[in-house]
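The sequence shown runs 87 to 614 under this note's numbering.
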Amino acid sequence: LSQLSSLYVANNGLTGTLEPLRNLSELSLLYASRNRLTGTLEPVRNLLLLSDDITDLLLNDNDFRGPIPAELGKLPNLRLLYLHNNGLSEPIPTSLADLENIEQINLSNNSLTGGIPPELGRLQYMEYLILHSNNLTGTIPASLANCSSLRNIRLSNNKLTGNVTRIDFLQLRSLESFSVNGNQLGGEFPLSVYNCTDLKLLDLSSNKFSGELPDNYEYSQPVLRALRVLKLSSNEFGGRVPGWIWNLPELQVLDLSHNSFTGVWPTNLSGLEGFSRLEASPDDAGGGSSVIDVNVDGIDGVEVEGNTLLEQISIEAKGSRLELEYVLETLFSIDLSYNHLSGKLPYALGELRRLTYLNLTHNNFSGEIPQVFEDLLRLQSLDLSANYLTGKIPAVLSRPSLSYLNLSYNFLEGEIPTANAFSTRYDISSFKPGNDQLCGAPLETTCAAQDSDASGSSATLGAPSFELLDGTFWRAFEIGIPIGFMIVIGVVIGTLRTMPCARHWLLHTQDSARHFNDGRYGVFNEPT
Numbered sequence: 087l088s089q090l091s092s093l094y095v096a097n098n099g100l101t102g103t104l105e106p107l108r109n110l111s112e113l114s115l116l117y118a119s120r121n122r123l124t125g126t127l128e129p130v131r132n133l134l135l136l137s138d139d140i141t142d143l144l145l146n147d148n149d150f151r152g153p154i155p156a157e158l159g160k161l162p163n164l165r166l167l168y169l170h171n172n173g174l175s176e177p178i179p180t181s182l183a184d185l186e187n188i189e190q191i192n193l194s195n196n197s198l199t200g201g202i203p204p205e206l207g208r209l210q211y212m213e214y215l216i217l218h219s220n221n222l223t224g225t226i227p228a229s230l231a232n233c234s235s236l237r238n239i240r241l242s243n244n245k246l247t248g249n250v251t252r253i254d255f256l257q258l259r260s261l262e263s264f265s266v267n268g269n270q271l272g273g274e275f276p277l278s279v280y281n282c283t284d285l286k287l288l289d290l291s292s293n294k295f296s297g298e299l300p301d302n303y304e305y306s307q308p309v310l311r312a313l314r315v316l317k318l319s320s321n322e323f324g325g326r327v328p329g330w331i332w333n334l335p336e337l338q339v340l341d342l343s344h345n346s347f348t349g350v351w352p353t354n355l356s357g358l359e360g361f362s363r364l365e366a367s368p369d370d371a372g373g374g375s376s377v378i379d380v381n382v383d384g385i386d387g388v389e390v391e392g393n394t395l396l397e398q399i400s401i402e403a404k405g406s407r408l409e410l411e412y413v414l415e416t417l418f419s420i421d422l423s424y425n426h427l428s429g430k431l432p433y434a435l436g437e438l439r440r441l442t443y444l445n446l447t448h449n450n451f452s453g454e455i456p457q458v459f460e461d462l463l464r465l466q467s468l469d470l471s472a473n474y475l476t477g478k479i480p481a482v483l484s485r486p487s488l489s490y491l492n493l494s495y496n497f498l499e500g501e502i503p504t505a506n507a508f509s510t511r512y513d514i515s516s517f518k519p520g521n522d523q524l525c526g527a528p529l530e531t532t533c534a535a536q537d538s539d540a541s542g543s544s545a546t547l548g549a550p551s552f553e554l555l556d557g558t559f560w561r562a563f564e565i566g567i568p569i570g571f572m573i574v575i576g577v578v579i580g581t582l583r584t585m586p587c588a589r590h591w592l593l594h595t596q597d598s599a600r601h602f603n604d605g606r607y608g609v610f611n612e613p614t
């Protein structure tokens, strides 16, 4: 085996260490991923000293421990380095910056510490830098902007700090995916990202970004026209949602939740062309195969139509967080929950005919639920809870394709629709707490009882009526009582005014009433 140049042993459940590979001096391709190999990468160090012809080194999805050998930097022909999904620790060796022909580095899902070496900015041919899910600290090196071939940067779920605006995205013209969610990054939205015309995924969620999102008022052309996933959730952004967000023609996933955005929805949503473009029947809503090309997880990753490999994203839908391995062409989600948005829900929502998930909980939306939901044939999850919505529940929400609905903590009224088993598909939590004037199943309040109270009659069908106690009698009774009471009071006051002692008592009481104190309304003083 000393002359062996290529070794493919991936996905075989192999155990043990890499010791048997120590003397393969002619090896150029090593695919040993997705096994149960253990130990350290020490045998690889010896292998590297014997051969500098290795181009592909794939050891991901095993149980290797210890540091990454610094000798990896002595492989001038290495193109692919996959060490992700192991238990590797200690800092990333700066010697990786000597891999002058490297195209893809994936060290994700390990326990690496320290900072991202600024020296990596020398790697002119690097297209993928995947370092997410480690314990990396420090700032994101501004030198990464020198890697002009970079297409995918994934640094999420680390402990990175600092300001992303230090990165000059103007130089990263080929960037397609930038994901830094789950860190401690701060500062304002990086304005230079507008220059990344090929960007398809931008995830800044779960950080400490603040300020208002800048609008593209300085640009004569729309920005980020290729963007399909925009996640800015769980930050400290505020102000109005800028117009460019509503003019992203390829957008599929918009998540602005858990911020402090204000203002109203625009009345025109035609700029979200992807949401309104119908290319398949509603029956295909869950089975599309075209996906977003935003991630390479290794040559042996999940492969779908078009040879596209995707990263995992998470969205809030159907009352829980959904972890998605890839984004189907049929997924269209908008999450604006936990903000301070107000006004009425726009009729323009009906234009978003491919909308799958809509989450608007915990805002200040008011008015009635518009009938335009009848045009959203693909809608599967709708959360309008914790707003100020009024009126009746539209019958169009009884469509069977809507599998999740939450309308609680509003001010809705009237009968809950019964078509398509609407009242049995959802439990009480879809409507309560709140909505005190709703009636019908699954609530205990029956609409028949409300109708009976409204008519003023408690007579049952077939029973004799007692006309003396009908609605006319009670209305006359209600009017007569206050009139009679006023007459009696008038007689009493007239009598008191004719008596000197009583007249003195009455005037004294009126004077005391000039200073009336009621905790509910404050203190009222009679004007002088």
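Think of the CB as a built atom: it goes at the ideal place given N, C-alpha and C, for glycine as much as any other residue.
None of the values given here were measured: they were computed from a predicted structure.
Worksheet entry | Pairwise C-alpha distance: Glu105 and Tyr412 | 36 Å
Practice prompt. Measuring alpha carbon to alpha carbon, tell me which of Ala403, Leu145, Tyr433, Leu422 ends up nearest Thr442.
Written response: Ala403
Item to complete: To the nearest angstrom, report how far apart Val95 and Gln89 are at their CA atoms.
Response: 17 Å
Fill in: 8 Å CB neighbourhood of Leu290 in its chain, flanking five on each side removed
Val250, Val266, Asn267, Leu271, Phe275, Lys317, Leu318, Asn321
Discussion item. Tell me which residues share the same chain as Trp332 and place their Cβ nearer than 7 Å to its Cβ, disregarding the 5 neighbours each side in the sequence.
Written reply: Pro352, Leu355, Gly357, Leu358
Worksheet entry | For Leu107 and Pro129, believed in contact at Cβ under 8 Å, the rounded distance | 6 Å
Practice prompt. Ignore the nearest five residues each way along the sequence and tell me which others in Ala472's own chain have a CB closer than 6 Å to its CB.
Written response: Thr447, His448, Tyr495
Discussion item. For the beta strand (DSSP E) containing Glu501, name the first residue and the last one.
Written reply: 497-501
Practice prompt. Ignore the nearest five residues each way along the sequence and tell me which others in Arg561's own chain have a CB closer than 7 Å to its CB.
Written response: For Arg561, the predicted structure reports a pLDDT of 42, less than 50, and the residue's modelled location is therefore unreliable. A value from the coordinates is still provided. Nothing listed; no residue qualifies.
Discussion item. Between Thr447 and chain D, is the shortest Cβ-Cβ distance under 8 Å, so that the two count as touching?
Written reply: The structure shown contains no chain D, having only a single protein chain.
Worksheet item: Mapping DSSP to helix, strand and coil, what is Arg120?
Response: coil
Worksheet entry | Residue environment, Ser419, which counts as buried when at least 16 other CB atoms sit within 10 Å | buried
Worksheet entry | DSSP-derived helix/strand/coil call for Ala403 | strand
Worksheet item: Whose CA, out of Val279, Arg314, Asp284, Asp184, lies closest to the CA of Pro300?
Response: Val279
Worksheet item: What number of angstroms, rounded off, separates the C-alpha of Lys430 from the C-alpha of Leu144?
Response: 54 Å
Worksheet item: What separation, rounded to the nearest whole angstrom, lies between the Cα atoms of Phe459 and Leu256?
Response: 41 Å
Item to complete: Please list the segments of the alpha helix (DSSP H) lying wholly inside the segment 312-366, counting only runs of 4 or more residues, in order along the chain.
Response: 359-362
Item to complete: Assuming Ser509 and Gly520 form a contact by the criterion Cβ under 8 Å, report the distance between their Cβ atoms to the nearest whole angstrom.
Response: Not quite, the Cβ-Cβ distance comes to about 18 Å (not below 8 Å), so this is no contact.
Discussion item. Could you pull the DSSP bridge partners for Phe264 from this structure?
Written reply: Ile239, Leu288
Worksheet item: In whole angstroms, what separates the C-alpha of Ala507 from that of Asn244?
Response: 47 Å
Fill in: Contact set for Gly500: own chain, Cβ-Cβ below 6 Å, skip 5 residues either direction
Lys478
Worksheet item: Would you call Gly102 buried or exposed, if buried means 16 or more other Cβ atoms sit within 10 Å of its Cβ?
Response: exposed
Worksheet item: Below 8 Å between beta carbons: does that hold for Gln466 and Leu493?
Response: no
Fill in: C-alpha gap between Glu512 and Glu262, whole angstroms
Per the sequence presented here, residue 512 reads as Tyr, with Glu not at that position. Those two C-alpha atoms are separated by around 41 Å.
Worksheet entry | For Gly159 and Ser137, believed in contact at Cβ under 8 Å, the rounded distance | That belief does not hold up - the Cβ atoms of Ser137 and Gly159 are roughly 15 Å apart, past 8 Å.
Discussion item. Checking the sheet assignment: what are the DSSP bridge partners for Thr476?
Written reply: Glu454, Phe497
Discussion item. Which same chain residues end up closer than 7 Å to Asp461 when comparing Cβ atoms and leaving out the 5 residues on each side of it in sequence?
Written reply: Gly436, Arg439
Discussion item. On the CB-based measure, 16 or more other CB atoms within 10 Å of its CB, does Arg407 come out buried or exposed?
Written reply: exposed
Practice prompt. Since I believe Gly325 is in contact with Glu298 (beta carbons under 8 Å), could you give me their beta-carbon distance rounded to a whole number of angstroms?
Written response: 3 Å
Practice prompt. Taking the CB atoms as reference points, tell me whether Ile140 and Leu123 lie closer together than 8 Å.
Written response: no
Practice prompt. May I ask you to list the residues that DSSP assigns as paired with Tyr94?
Written response: Tyr117
Discussion item. At 3 residues or longer, what runs of the beta strand (DSSP E) sit wholly inside the segment 127-195?
Written reply: 142-144, 166-168, 173-177, 190-192
Practice prompt. Have a look at Asn109, Leu110, Ala118, Leu185 and flag the residue whose alpha-carbon is nearest the alpha-carbon of Asn97.
Written response: Ala118
Discussion item. Please return the same chain residues whose Cβ sits closer than 6 Å to the Cβ of Ile191, not counting the five positions on each side in sequence.
Written reply: Leu167, Leu215
Fill in: Classification of Thr504 by the beta-carbon crowding that lies within 10 angstroms, buried from 16 upward
exposed
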